[in-house]
Amino acid sequence: DPKIIQKPKYLVAVTGSEKILICEQYLGHNAMYWYRQSAKKPLEFMFSYSYQKLMDNQTASSRFQPQSSKKNHLDLQITALKPDDSATYFCASSQLGGFYAEQFFGPGTRLTVL
Amino acid sequence: DAKTTQPDSMESTEGETVHLPCSHATISGNEYIYWYRQVPLQGPEYVTHGLQQNTTNSMAFLAIASDRKSSTLILPHVSLRDAAVYHCILRVASSSFSKLVFGQGTSLSVVP
Numbered sequence: 455d456p457k458i459i460q461k462p463k464y465l466v467a468v469t470g471s472e473k474i475l476i477c478e479q480y481l482g483h484n485a486m487y488w489y490r491q492s493a494k495k496p497l498e499f500m501f502s503y504s505y506q507k508l509m510d511n512q513t514a515s516s517r518f519q520p521q522s523s524k525k526n527h528l529d530l531q532i533t534a535l536k537p538d539d540s541a542t543y544f545c546a547s548s549q550l551g552g553f554y555a556e557q558f559f560g561p562g563t564r565l566t567v568l
Numbered sequence: 004d005a006k007t008t009q010p011d012s013m014e015s016t017e018g019e020t021v022h023l024p025c026s027h028a029t030i031s032g033n034e035y036i037y038w039y040r041q042v043p044l045q046g047p048e049y050v051t052h053g054l055q056q057n058t059t060n061s062m063a064f065l066a067i068a069s070d071r072k073s074s075t076l077i078l079p080h081v082s083l084r085d086a087a088v089y090h091c092i093l094r095v096a097s098s099s100f101s102k103l104v105f106g107q108g109t110s111l112s113v114v115p
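These protein sequence lines are chains A and B, in that order. The numbers in our numbering rise by one with no breaks, and the one at position 61 of the first sequence is 515. The numbers in our numbering rise by one with no breaks, and the one at position 69 of the second sequence is 72.
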């Protein structure tokens, strides 16, 4: 069974619209993250959450808003979509409390903005 | 987090042992060396990590230089499934929720 679920797998949107990317983790972790990977670029960190609280935000635009309704959920709302937002968005999670805290990644949501 | 340098690409043949180098000349004493790999169209996967001593697990062997300024990920008997981009990343030990900073990594291709 998949431990980190991201929905949908593929998403096509029009410029100016709003979309929500879903992430659920069933690893019992207390920290969750969002990363973005644009075409032929390295993964780029966006947000980290711990116990449903924002810990780090490296996204300059307020159009990207994480939403954590439950401990194991961290959705990503993107408003006023632009073609440059086209990328694969990866959710990840880890367990805090130790030094090693490896991060586990989901399969990603591939977003295309037309 | 300190910067790492890796070759852009490497090629191997199935069954060979592959040595993936990583240079981190400015590594700090509290930084761990992490390795992740990413197969196209999938999320990154943790491979291994180490601080000072060499480490081994079911996936790989991590050799760390005595001065910690470089490390080598050793993949024994590679298969086609090991073809991926391998990332060498440094992380401060105390910030367990800290972000991972990915570079371009080394693209490993494996031929039959």
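We treat Cβ as the ideally placed atom computed from N, Cα and C, and that holds for glycine. No experiment lies behind these values; they were computed from the predicted model shown.
### Message
residue 534 of chain A and residue 491 of chain A - do their beta-carbons sit closer together than 7 Å?
### Response
no
Within the stretch 463 to 519 of chain A, ranges of the beta strand (DSSP E) (whole runs, at least 3 residues) | Runs of the beta strand (DSSP E) inside the stretch 463 to 519 of chain A: 464 to 467, 473 to 479, 485 to 491, 498 to 504, 507 to 511.
Could you check whether the stretch 457 to 471 of chain A touches the stretch 511 to 526 of chain A, counting it as contact only if at least three pairs of C-beta atoms, one from each stretch, sit closer than 8 Å?
no
Original post:
Buried or exposed: where does residue 22 of chain B fall if 16 or more other Cβ atoms within 10 Å of its Cβ makes it buried?
Top reply: exposed
Original post:
Residues bridged to residue 24 of chain B by DSSP?
Top reply: For residue 24 of chain B, DSSP records a beta bridge to B:75.
Worksheet item: Can you tell which of A:478, A:562, A:496, A:484 has its C-alpha closest to the C-alpha of residue 507 of chain A?
Response: A:484
Please compile the residues from chain A whose C-beta is within a distance smaller than 7 Å of the C-beta of residue 105 of chain B.
Per Cβ cutoff of 7 Å: 496, 497.
* **Selection from B:45, B:20, B:51 that minimises the alpha carbon distance to residue 556 of chain A** => B:51
Name the one or two DSSP bridge partners that residue 558 of chain A has.
A:547
| message | Mapping the DSSP letters down to three states, classify residue 103 of chain B as helix, strand or coil. | response | Correct three-state label for residue 103 of chain B: coil.
- What are the boundary residues of the beta strand (DSSP E) that residue 53 of chain B is part of? 48 to 53
Exercise. Are the CB atoms of residue 497 of chain A and residue 105 of chain B nearer to each other than 7 Å?
Worked result: yes
*Who does residue 542 of chain A pair with in a DSSP beta bridge?*
For residue 542 of chain A, which the question treats as bridged, DSSP gives the partners A:491, A:564.
### Query
From residue 525 of chain A to residue 505 of chain A, what does the alpha carbon distance come to, in whole angstroms?
Residue 525 of chain A and residue 505 of chain A: Cα-Cα distance of roughly 6 Å.
*Cβ shell of residue 47 of chain B (< 6 Å), same chain only, five flanking positions each side left out*: 39, 41
Hey, out of B:95, B:90, B:12, whose CA is closest to residue 112 of chain B's CA? For the residues B:95, B:90, B:12, the minimum Cα distance to residue 112 of chain B belongs to B:12.
(Q) By the 7 Å beta-carbon criterion, what residues does the stretch 456 to 486 of chain A contribute toward chain B? (A) 485
When burial is assigned at 16 or more other CB atoms within 10 Å of the CB, is residue 80 of chain B buried or exposed? exposed
Which chain A residues sit within Cβ distance under 8 Å of residue 49 of chain B? 556, 557, 558
Exposed or buried, which one is residue 83 of chain B when buried takes at least 16 other CB atoms within 10 Å? Answer is exposed; the Cβ neighbour count stays below 16.
field: Per-residue DSSP class, three states only, for residue 85 of chain B
entry: helix
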